[in-house]
Amino acid sequence: MKVSVIGLGKMGLLHAGIVNSLPDARVASVCETDFFLSTAAKALLPKEIAVYRNVDKMILEENPDAIYVTTPIDTHVSIINDAFRAKSNLNMFVEKPLTSSYNEAKVACEVASRSSGISMVGFQRRFSPIFQKAKDLLTENTVGDPVFFRSYFLSSDVLREGSGWRSKKGSGGVLLDSAPHLLDALIWFFGEPTSVMGVRKKIYSSSVDDYVHALFSYGSGLQGCMDVCWSVSSYRLPEVLIQIYGKNGILTVTDDFVKVSSGQRNSSGGGTRVYNRQFFQVSTPFLLTDPEYTLEDAAFLEAARTQVPPDSNFFQAAKVNALVDRILVNAT
40 MKVSVIGLGK MGLLHAGIVN SLPDARVASV CETDFFLSTA AKALLPKEIA VYRNVDKMIL
100 EENPDAIYVT TPIDTHVSII NDAFRAKSNL NMFVEKPLTS SYNEAKVACE VASRSSGISM
160 VGFQRRFSPI FQKAKDLLTE NTVGDPVFFR SYFLSSDVLR EGSGWRSKKG SGGVLLDSAP
220 HLLDALIWFF GEPTSVMGVR KKIYSSSVDD YVHALFSYGS GLQGCMDVCW SVSSYRLPEV
280 LIQIYGKNGI LTVTDDFVKV SSGQRNSSGG GTRVYNRQFF QVSTPFLLTD PEYTLEDAAF
340 LEAARTQVPP DSNFFQAAKV NALVDRILVN AT
């Protein structure tokens with residue numbers, strides 16, 4: 040399969056490396072509008088990979104089977120439009136979130152609905168065996184009916200005034216940059232909430248929020264909360280947690296483990312069970328990073344081959360944008 044990558048930042052390079060490690064797939068071209076990065080790409084990338092600075096031109100000349108969009112969030116909707124206009128049956132992967140707002144997400148979905156290709160958004164925790172196990176345990180009602188949950192996404196990306204691109208207005212703040220992975224997992228686990236309230240706070244940034252707290256209520260009676268902050272010191276790597284309190288126990292999931300705690304100790308599985316990352320046997324052709332990224336890319340390319348829409352398509356991803364907008368509207 041012939042693949043093109045748009046955007047040569049961290050995620051663009053990661054996906055390019057993964058694609059080239061998978062069978063029957065290769066990166067044939069890349070597009071980068073930044074002059075310095077495109078010049079460096081021409082000098083450093085293998086000569087068989089063509090380098091462009093215009094999306095339309097790359098798609099028309101290279102005719103890729105699939106593209107990866109890994110550019111800043113506020114560029115996504117225009118690139119989606121341009122790419123599908125250049126090739127209507129293109130298969131497209133977009134790094135999370137889909138767009139900057141729900142209105143833009145609806146435009147992206149409308150454009151994709153007119154395409155005969157496959158669309159997918161990069162919510163890699165759907166491909167994490169740990170989060171898949173947590174989803175299975177919830178489906179099996181292991182801890183009983185959920186009563187409430189707490190969740191967070193914490194990192195130390197912004198710890199001073201004006202620290203990098205994240206603190207600038209175009210980033211969308213912590214809610215649009217960091218929260219979508221967590222919000223997608225919450226929608227995957229519980230569906231969309233019926234009501235939302237929130238609190239927003241600037242800590243170091245002057246243009247965007249560094250911290251957001253949100254409260255969710257569901258038609259089932261379930262309630263939960265989310266804290267997202269990129270200004271917590273000592274988090275070299277982002278940390279995600281969802282802890283679900285059910286009538287019969289507690290289910291906790293992080294990127295490293297799933298834990299089920301039950302107050303009923305008996306031979307049928309009471310007490311505490313922990314499924315660490317090492318518990319899951321995951322095989323990938325070449326390990327560049329956490330295996331869920333490779334599993335995600337393999338799933339996208341397989342969906343492109345079979346033309347079977349994946350669960351994390353544009354329409355599902357638009358629900359995350361809708362929830363982000365609801366939090367912003369209802370937060371003080």
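Quick note, this note's numbering runs 39 ahead of the 1-based positions in the sequence shown.
Where a beta carbon is used, it is the ideal one built from N, C-alpha and C, also for glycine.
These numbers come from a predicted model, not from an experiment.
Return the CA-CA distance between residue i and residue j, expressed in angstroms with no decimal places.
| i | j | result |
| --- | --- | --- |
| Val67 | Leu61 | Residue identity check: residue 67 is Ala in the sequence provided, not Val. Distance between the alpha carbons of Ala67 and Leu61: 14 Å. |
| Phe353 | Ser139 | 13 Å |
| Gly48 | Asp184 | 43 Å |
| Gly310 | Thr291 | 14 Å |
| Gly46 | Glu71 | 5 Å |
| Glu143 | Arg312 | 43 Å |
| Tyr141 | Ala361 | 5 Å |
| Tyr284 | Asn102 | 50 Å |
| Val363 | Leu214 | 7 Å |
| Leu326 | Gly51 | 16 Å |
| Leu221 | Ala338 | 20 Å |
| Phe319 | Thr328 | 16 Å |
| Lys240 | Ala370 | 10 Å |
| Gln355 | Ile169 | 21 Å |
| Arg14 | Lys41 | No answer is possible for residue 14: it lies beyond the span of the chain, which begins at 40 and ends at 371. |
| Ser301 | Val182 | 7 Å |
| Ser190 | Val267 | 9 Å |
| Leu176 | Thr78 | 49 Å |
| Ile366 | Glu87 | 46 Å |
| Asp249 | Gly201 | 12 Å |
| Phe187 | Leu254 | 11 Å |
| Leu83 | Ser43 | 17 Å |
| Val279 | Lys172 | 16 Å |
| Ala342 | Asp63 | 14 Å |
Suppose the cutoff is 7 Å on Cβ atoms and the five residues either side in sequence are ignored; what does the same chain contact list for residue i look like?
| i | result |
| --- | --- |
| Asp95 | Asp121, Ala125 |
| Tyr332 | Leu53, Ile57, Gln163 |
| Arg205 | Asp196, Val197, Asp216, Trp269 |
| Ser259 | none |
| Asn59 | Arg65, Val66 |
According to the neighbour-count rule (16 or more other Cβ atoms, all chains shown, within 10 Å of its Cβ), is residue i buried or exposed?
| i | result |
| --- | --- |
| Ser306 | Caution is warranted here: a pLDDT of 44 is assigned to Ser306, below 50, making its placement in the model unreliable, and no coordinate value can be reported. |
| Val347 | exposed |
| Ser351 | buried |
| Asn315 | exposed |
| Ser167 | buried |
| Ser158 | buried |
| Arg275 | exposed |
| Phe228 | buried |
| Pro232 | buried |
| Val368 | exposed |
| Glu335 | buried |
| Asn180 | exposed |
| Gly230 | exposed |
| Pro324 | exposed |
| Asn93 | exposed |
Following the continuous alpha helix (DSSP H) through residue i, name the residue where it begins and the one where it ends.
| i | result |
| --- | --- |
| Lys81 | 74-83 |
| Gln262 | Here Gln262 belongs to no alpha helix (DSSP H); instead the beta strand (DSSP E) covers 262-268. |
| Ser60 | 49-60 |
| Ile98 | 94-101 |
Taking Cβ positions only, does residue i come closer than 8 Å to chain C?
| i | result |
| --- | --- |
| Lys86 | In summary, chain C is missing from the structure at hand, where a single protein chain is found. |
With residue i as the anchor, note down where its beta strand (DSSP E) starts and where it stops.
| i | result |
| --- | --- |
| Tyr274 | Taken as a continuous stretch (DSSP letters only), Tyr274 belongs to no beta strand (DSSP E), as it is neither H nor E. |
| Lys41 | 41-45 |
| Lys286 | Per DSSP, Lys286 belongs to no beta strand (DSSP E) and is neither H nor E. |
| Lys383 | Any answer about residue 383 is impossible in this case: the structure gives the chain only from 40 up to 371. |
| Ile106 | 105-108 |
| Ser372 | A question about residue 372 goes unanswered here, because the residues of the chain that appear run from 40 up to 371. |
| Tyr91 | 89-91 |
| Ser256 | 250-256 |
Kindly list the residues whose CB is nearer than 6 Å to the CB of residue i, restricted to its own chain and excluding five residues on each side of it in sequence; keep chain order.
| i | result |
| --- | --- |
| Ser154 | Phe123, Ser127 |
| Pro134 | Checking the displayed sequence, the identity of residue 134 turns out to be Glu instead of Pro. Contacts found: Met50, Thr109, Gly161. |
| Arg165 | Ser351 |
| Pro277 | Ser194 |
Does the beta carbon of residue i fall short of 7 Å from some heavy atom of the ligand SAH?
| i | result |
| --- | --- |
| Thr328 | Absence of the ligand SAH from the depicted structure is noted, as is the absence of any ligand whatsoever, leaving it without description. |
Please go through the same chain and pick out, in chain order, the residues whose beta-carbon is closer than 8 Å to the beta-carbon of residue i, but skip the five residues on each side of it.
| i | result |
| --- | --- |
| Phe296 | Ile169, Val313, Tyr314, Asn315, Arg316 |
3-residue-minimum beta strand (DSSP E) runs that sit fully inside the region 176-246, ordered along the chain: 185-193, 234-240
Beta strand (DSSP E) runs contained entirely in the region 110-174, provided each spans 3 or more residues: 130-134, 158-161
Length-filtered (3 minimum) beta strand (DSSP E) runs lying within the region 307-367: 310-315
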